[in-house]
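Trainee: Below is a structure I'd like to ask you about.
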């Protein structure tokens with residue numbers, strides 16, 4: 001299934017010898033998608049903005065007209081591209097030096113100052129350990145922080161009326177302009193269910209959406225490698241993929257490859273949920289080599305630092321973890337500050353209790369100490385740290401339902417109300433904020449989730465896990481949840497956290513990650529079509545045109561997963577000639593509806609039809625109302 | 001992946017030696033699902049009604065209370081079962097004799113008479129050919145037909161106030177009564193979007209729904225092997241799987257195994273779309289060995305009979321094909337009588353023309369002859385034939401959209417209007433009727449499809465192909481379409497025609513069939529939860545309870561695909577001990593939210609929580625409204 005990319009990886013990779021545990025270019029899947037070119041669009045406000053897209057080149061349409069073959073070129077199709085430099089054969093790749101800086105403007109930012117080194121006590125202790133030398137990321141990383149008294153978050157800039165380079169970047173990225181001659185512009189008007197989608201994405205639209213808290217642009221100032229992206233209802237629905245080692249399985253090289261692999265297939269952000277060994281070192285490798293925002297759940301690492309005993313967690317350990325990760329460049333933090341002591345009794349009679357890892361850790365802490373959640377009591381301090389690095393909040397839903405039965409219950413909505421309070425505080429303090437949502441919810445209860453979240457969180461972007469619309473299909477939960485994800489994306493959710501086929505069962509391997517990401521890419525795209533993202537339908541139109549014209553290669557190349565589309569075709573008709581055949585194995589040549597339909601279009605038939613049509617028009621409008629007996633011609 | 005079933009197949013199969021092309025028990029996948037028993041419920045009105053369900057036995061819940069293990073038994077869960085005798089180890093299986101007759105009352109039905117043999121000219125010619133002896137189904141098949149002047153369809157009976165044995169059968173089958181002690185009855189009230197779901201499924205509800213044309217019970221009088229099922233909005237959403245050989249691939253044995261395989265995973269009906277060789281003989285093997293309704297598209301075989309040239313089709317050939325298949329016992333026919341000459345000009349500017357095989361065949365015939373579709377002009381005669389055998393109409397949507405761009409266009413809805421006219425005629429003539437629907441439709445245009453269909457077809461059951469909600473994911477179209485299927489099932493569609501991962505690319509193999517059926521079973525179940533089918537949530541509740549209690553075996557056994565769930569778990573933690581572990585590989589033991597959540601429930605903590613809860617209640621209701629600073633306890 002992965003032959004093409006693996007071959008590409010070998011072609012593109014350098015000759016650096018692999019070390020035992022750390023990643024090398026050989027352990028990565030790189031190289032372009034078939035028939036695809038990377039194109040970069042420069043900014044007009046900021047010349048060092050350089051926005052990547054992918055252009056898929058198509059073959060011409062060949063028609064037989066009066067015995068002569070007429071070739072009509074098909075314009076290339078430009079698509080949103082999350083792959084970063086890894087899918088650009090011309091980009092230099094050196095994992096030990098990190099990705100090139102897509103945000104060079106950070107180097108001389110007047111409101112930032114450069115720290116002499118990490119200020120996190122934990123980071124300094126880790127850096128001092130000789131035994132970790134082999135695991136440590138060897139490249140340079142300059143650590144920056146907001147100058148005292150300066151406001152540096154995208155939210156603060158947006159409110160001050162400033163369009164940052166990041167805002168111009170995402171405006172160009174989202175607008176996704178097709179070639180001037182592009183002929184596939186037809187699009188059904190969307191129905192964004194009460195939301196007014198912008199007709200055109202401009203830097204000013206981006207600024208305005210961020211300013212009103214309706215979009216976030218997660219971009220830590222310590223992540224210059226990032227290609228900025230935006231999460232908000234006015235924009236394309238985004239997909240997050242989770243990676244991370246666990247106590248059961250761990251390897252740094254594996255994690256970096258998972259990052260590259262997940263973004264190759266279309267993950268817009270990646271959450272590193274590692275709970276195993278060497279979390280700090282693994283994360284450094286990941287952030288330095290990631291073109292997408294990295295999210296984390298800092299409480300996981302804090303728990304590791306106190307020996308895995310929730311009761312032993314302290315604000316000081318957590319605080320240092322926030323700083324450690326913010327200095328590394330993590331772009332967003334899941335913070336379960338809504339898991340309040342007062343909400344816990346509401347979970348006792350649940351079918352599946354608390355299913356969020358972070359939520360259960362904090363619930364245990366609250367109960368052991370009979371104290372309010374320290375993330376809640378220290379929330380303003382958390383905000384101040386995050387504002388100094390422009391880390392975005394992903395306010396965690398620690399009490400999300402873990403089963404259909406627990407959906408939309410009192411515990412879930414009590415926490416959501418708290419997240420609403422916290423959103424206001426975070427935004428006041430200049431911190432960009434999105435809100436995490438469920439989980440397991442039947443189809444007819446999805447709307448209530450969106451309605452309540454919009455209301456209590458002031459339209460802050462909603463970021464849901466699925467939701468799974470039934471519990472009965474373990475091993476297929478990428479599908480049960482893609483159903484919920486597509487629908488809730490249409491309803492207004494801005495980012496969808498993927499679920500893999502292994503959810504509830506085990507750790508995903510690479511194939512599971514691919515299955516999960518593609519399932520969510522198609523769900524997000526379905527939501528974009530439904531809410532009416534301008535231009536979203538162009539790719540559907542192009543692939544359908546290719547399909548109807550038996551341009552098999554183009555159909556494969558326009559697919560979300562070109563390799564698998566080709567492999568599935570070749571499983572029945574492997575011969576190269578079959579890729580130009582005017583039928584496929586599904587129906588065979590005699591029964592091919594597409595072929596028959598083409599014959600209908602041949603000029604002579606078409607002329608006949610047009611005569612017929614004129615006759616019908618002249619005969620009056622009641623063509624399709626007459627009873628069966630009347631119209632036999 | 002299929003070890004368990006393959007092993008089961010070997011265990012259950014008899015010692016009959018396989019012939020070259022015809023099926024034997026060895027070529028089938030049979031045997032029970034893990035921890036499952038087949039149970040049969042007798043009718044009360046009709047003692048020879050014997051309704052199959054599957055009971056999944058569960059292990060007890062083990063709790064440690066004050067240092068002692070307390071075992072609490074979990075009642076078995078009864079589920080709807082499409083597997084037929086193939087999943088019953090006690091059922092005799094002999095493919096050469098056909099399945100036992102689940103409808104013995106047909107043998108002495110007063111309104112039926114037994115024909116001396118087939119009346120179809122084609123059947124008689126085929127039966128006379130010595131060269132086909134090896135391929136021919138060797139068992140007996142008695143052919144019946146309504147006596148002159150007698151009405152025998154389920155619709156006619158229902159209108160006359162008669163509850164037939166088939167109606168009692170499906171009422172028991174749908175009601176799916178759980179054990180008296182069943183503790184998992186909690187269910188979210190559904191939202192059937194304006195439709196009044198029955199609170200309880202009784203034979204009278206079944207009769208009434210059939211009488212008003214809002215449900216069909218496809219059950220040809222020549223298919224006594226059938227276990228009756230019902231298709232209608234008041235009932236569980238059903239799933240159809242397509243099988244069939246094509247000119248590219250063909251084998252009788254393969255087709256029978258596909259039937260058994262598809263129903264094993266949950267197909268409620270199977271359409272035989274064969275277009276290759278020996279369609280007649282293959283179909284006889286299939287119907288004689290099928291416990292589910294078989295649907296066909298008679299125009300496919302008619303086209304084969306005229307050498308694959310659409311223009312050569314005649315009413316006589318088609319008519320004989322209807323009789324041939326009705327005498328074999330086909331339960332429903334797709335008839336593309338709505339593809340009218342007048343509609344064809346509406347398809348000329350489409351992105352993907354006509355993508356229905358049947359639709360394109362008939363369009364070509366209409367244009368070649370410049371005549372109205374002969375299925376339309378002969379519609380009443382078709383009805384008369386079908387009424388004599390109680391074959392149900394599946395009025396085909398030959399002009400369904402084949403791309404997002406073509407969704408909900410004038411051609412599609414013009415045809416739907418015609419199908420509305422035809423529905424009235426068919427029902428008048430006593431023929432049960434359902435309506436086929438698209439296809440490719442973006443999420444926000446699904447509702448219009450349902451609304452229009454309900455309106456113009458008088459609430460006759462709607463049977464859609466997916467729909468796919470985007471065109472961009474070939475190789476994942478079981479997922480793009482499961483999204484549309486789940487949503488449109490919720491909106492009121494009664495049966496969902498599955499799509500496999502190979503759609504648009506090639507012929508599905510067994511694994512594709514399984515992937516497609518399971519994707520659709522979960523979509524149908526999601527729809528059932530949303531529309532509020534009584535008892536639908538019991539299986540979700542049971543699997544969630546098992547998950548929360550780390551009863552891994554029960555979680556696997558309650559899954560739609562127990563084998564794959566187990567295999568995915570074992571991929572990371574294969575040891576048998578891991579199946580009783582209170583964690584899994586996803587988070588490892590320290591980070592297991594379920595484990596932490598259980599600790600929260602241990603009695604001492606629970607008591608603490610209850611004290612706390614009392615304290616909160618006594619302190620007044622404003623628990624979740626206070627600002628962060630105020631509630632630090």
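Chains as they are written, first to last, in the UniProt record's numbering: chain A, 1 to 633; chain B, 1 to 633.
All C-beta atoms in this analysis are idealised placements derived from N, C-alpha and C, irrespective of residue type, glycine included.
Between which two residues does the alpha helix (DSSP H) harbouring residue 449 of chain A extend?
Mentor: Counting along the chain, the alpha helix (DSSP H) containing residue 449 of chain A begins and ends at 446-456.
Trainee: Give me the Cβ distance between residue 307 of chain B and residue 334 of chain B, rounded to the nearest whole Å; I'm assuming they're in contact under 8 Å.
Mentor: The Cβ separation is near 22 Å, so there is no contact.
Trainee: Using 8 Å as the limit for Cβ to Cβ distance, is residue 641 of chain B near chain A?
Mentor: In the structure displayed, chain B extends from 1 to 633; residue 641 of chain B sits before or after that span and is not available.
Trainee: Helix, strand or coil for residue 487 of chain B? Go by DSSP, reduced to three states.
Mentor: The answer is helix: DSSP assigns residue 487 of chain B an H, G or I state.
Trainee: Using a Cβ-Cβ cut-off of 8 Å, state whether residue 576 of chain A counts as contacting chain B.
Mentor: Residue 576 of chain A does not count as touching chain B.
Trainee: Nearest-angstrom Cα distance between residue 486 of chain B and residue 185 of chain A?
Mentor: Going by the C-alpha atoms only, they are around 29 Å apart.
Trainee: Does any C-beta atom of chain A lie closer than 8 Å to the C-beta of residue 169 of chain B?
Mentor: Judged by the 8 Å Cβ criterion, residue 169 of chain B is not in contact with chain A.
Trainee: Please determine, among B/45, B/242 and B/57, the residue with the shortest C-alpha to C-alpha distance to residue 517 of chain B.
Mentor: The shortest C-alpha separation from residue 517 of chain B is found at B/242.
Trainee: Would you verify that the beta carbon of residue 403 of chain B is, or is not, closer than 8 Å to some beta carbon of chain A?
Mentor: True, the Cβ-Cβ gap to chain A drops below 8 Å.
Trainee: Could you tell me which chain A residues have their CB closer than 9 Å to the CB of residue 462 of chain B, listed as they occur along the chain?
Mentor: Result: empty, since nearest Cβ-Cβ is about 17 Å, beyond 9 Å.
Trainee: Could you work out which residues of chain B lie near residue 501 of chain A, taking near to mean beta carbons separated by less than 8 Å?
Mentor: Within chain B, the residues near residue 501 of chain A are 568.
Trainee: How big is the Cα-Cα spacing for residue 452 of chain B and residue 423 of chain B?
Mentor: Taking the straight line joining both Cα atoms gives about 14 Å.
Trainee: Tell me which residues share the same chain as residue 27 of chain B and place their Cβ nearer than 6 Å to its Cβ, disregarding the 5 neighbours each side in the sequence.
Mentor: These residues qualify, in order along the chain: 253 and 257.
Trainee: With DSSP as the reference, please indicate the residues paired to residue 295 of chain B in a beta bridge.
Mentor: The partner list for residue 295 of chain B (beta bridge, DSSP) reads B/271 and B/332.
Trainee: Let me confirm a value: residue 551 of chain B is counted as buried when at least 16 other C-beta atoms fall within 10 Å, else exposed. Which label applies?
Mentor: With 16 or more other Cβ atoms within 10 Å, it is buried.
Trainee: According to the neighbour-count rule (16 or more other Cβ atoms, all chains shown, within 10 Å of its Cβ), is residue 541 of chain B buried or exposed?
Mentor: So residue 541 of chain B ends up on the buried side.
Trainee: Can you give me, in chain order, the residues of the segment 530-555 of chain B that have a beta carbon less than 7 Å from any beta carbon in chain A?
Mentor: Within the segment 530-555 of chain B, the qualifying residues are 530, 537, 539, 540, 541, 543, 544, 545, 547, 548 and 555.
Trainee: Quick one: grab the DSSP three-state call for residue 393 of chain A.
Mentor: Of the three classes helix, strand and coil, the one that applies to residue 393 of chain A here is strand, per DSSP.
Trainee: Quick one, which of B/545, B/238, B/406 and B/267 has its alpha-carbon nearest residue 492 of chain B's?
Mentor: Considering only alpha carbons, the answer is B/238.
Trainee: Would you report the Cα separation of residue 187 of chain A and residue 53 of chain A, rounded to the nearest angstrom?
Mentor: Near 21 Å, if we compare the C-alpha coordinates of residue 53 of chain A and residue 187 of chain A.
Trainee: Where does the unbroken beta strand (DSSP E) through residue 56 of chain B begin, and where does it stop?
Mentor: Run containing residue 56 of chain B: 50-56, per the beta strand (DSSP E) assignment.
Trainee: By DSSP, does residue 276 of chain B sit in helix, in strand, or in coil?
Mentor: Coil.
Trainee: Relative to the alpha-carbon of residue 37 of chain B, which residue among B/313, B/48 and B/90 has its alpha-carbon at the smallest distance?
Mentor: Ranking the options by Cα distance to residue 37 of chain B, first place goes to B/90.
Trainee: Taking C-beta pairs closer than 8 Å, name the residues in chain B that residue 476 of chain A reaches, listed in chain order.
Mentor: Ordered by position in chain B, the residues that pass the 8 Å Cβ test against residue 476 of chain A are 518, 519, 522, 560, 561 and 564.
Trainee: What is the C-beta distance between residue 87 of chain A and residue 34 of chain A, in whole angstroms, given that I count them as a contact (C-beta under 8 Å)?
Mentor: No, residue 87 of chain A and residue 34 of chain A are not in contact; Cβ-Cβ is about 11 Å, not under 8 Å.
Trainee: Within 8 Å, do at least three Cβ pairs link the segment 324-333 of chain B to the segment 284-295 of chain B?
Mentor: Segments in contact, yes.
Trainee: Do three or more CB pairs link the segment 133-150 of chain A to the segment 362-381 of chain A at distances below 8 Å?
Mentor: Short answer: they don't touch.
Trainee: Using the C-alpha atoms, what's the distance from residue 350 of chain A back to residue 276 of chain A?
Mentor: Approximately 30 Å between the Cα atoms of the pair.
Trainee: Using a Cβ distance threshold of 8 Å, determine whether the segment 440-447 of chain B contacts the segment 197-204 of chain B, with at least three qualifying pairs required.
Mentor: Judged by Cβ distances under 8 Å, the segment 440-447 of chain B makes no contact with the segment 197-204 of chain B, as fewer than three pairs qualify.
Trainee: Between the Cα of residue 268 of chain A and those of A/497, A/390 and A/535, spot the shortest distance and give me the residue it belongs to.
Mentor: The shortest C-alpha separation from residue 268 of chain A is found at A/497.
Trainee: Between the Cα of residue 507 of chain A and those of A/215, A/274, A/83 and A/79, spot the shortest distance and give me the residue it belongs to.
Mentor: Checked all of A/215, A/274, A/83 and A/79; the closest Cα to residue 507 of chain A is A/274.
Trainee: State yes or no: is the beta carbon of residue 504 of chain B nearer than 8 Å to at least one beta carbon in chain A?
Mentor: Cβ-Cβ to chain A under 8 Å: yes for residue 504 of chain B.
Trainee: In chain A, which residues lie with their C-beta within 8 Å of the C-beta of residue 443 of chain B?
Mentor: Result: 486, 487, 490, 526, 527, 529 and 530.
Trainee: Using the three-state DSSP reduction, which class does residue 376 of chain A fall into: helix, strand or coil?
Mentor: Helix.
Trainee: Note down, in chain order, every chain B residue with its Cβ under 8 Å from the Cβ of residue 354 of chain A.
Mentor: Neighbours of residue 354 of chain A on chain B, chain order: 593, 596, 597 and 600.
Trainee: Taking 8 Å as the CB-CB cut-off, is residue 479 of chain B touching chain A?
Mentor: So yes, residue 479 of chain B belongs to the interface.
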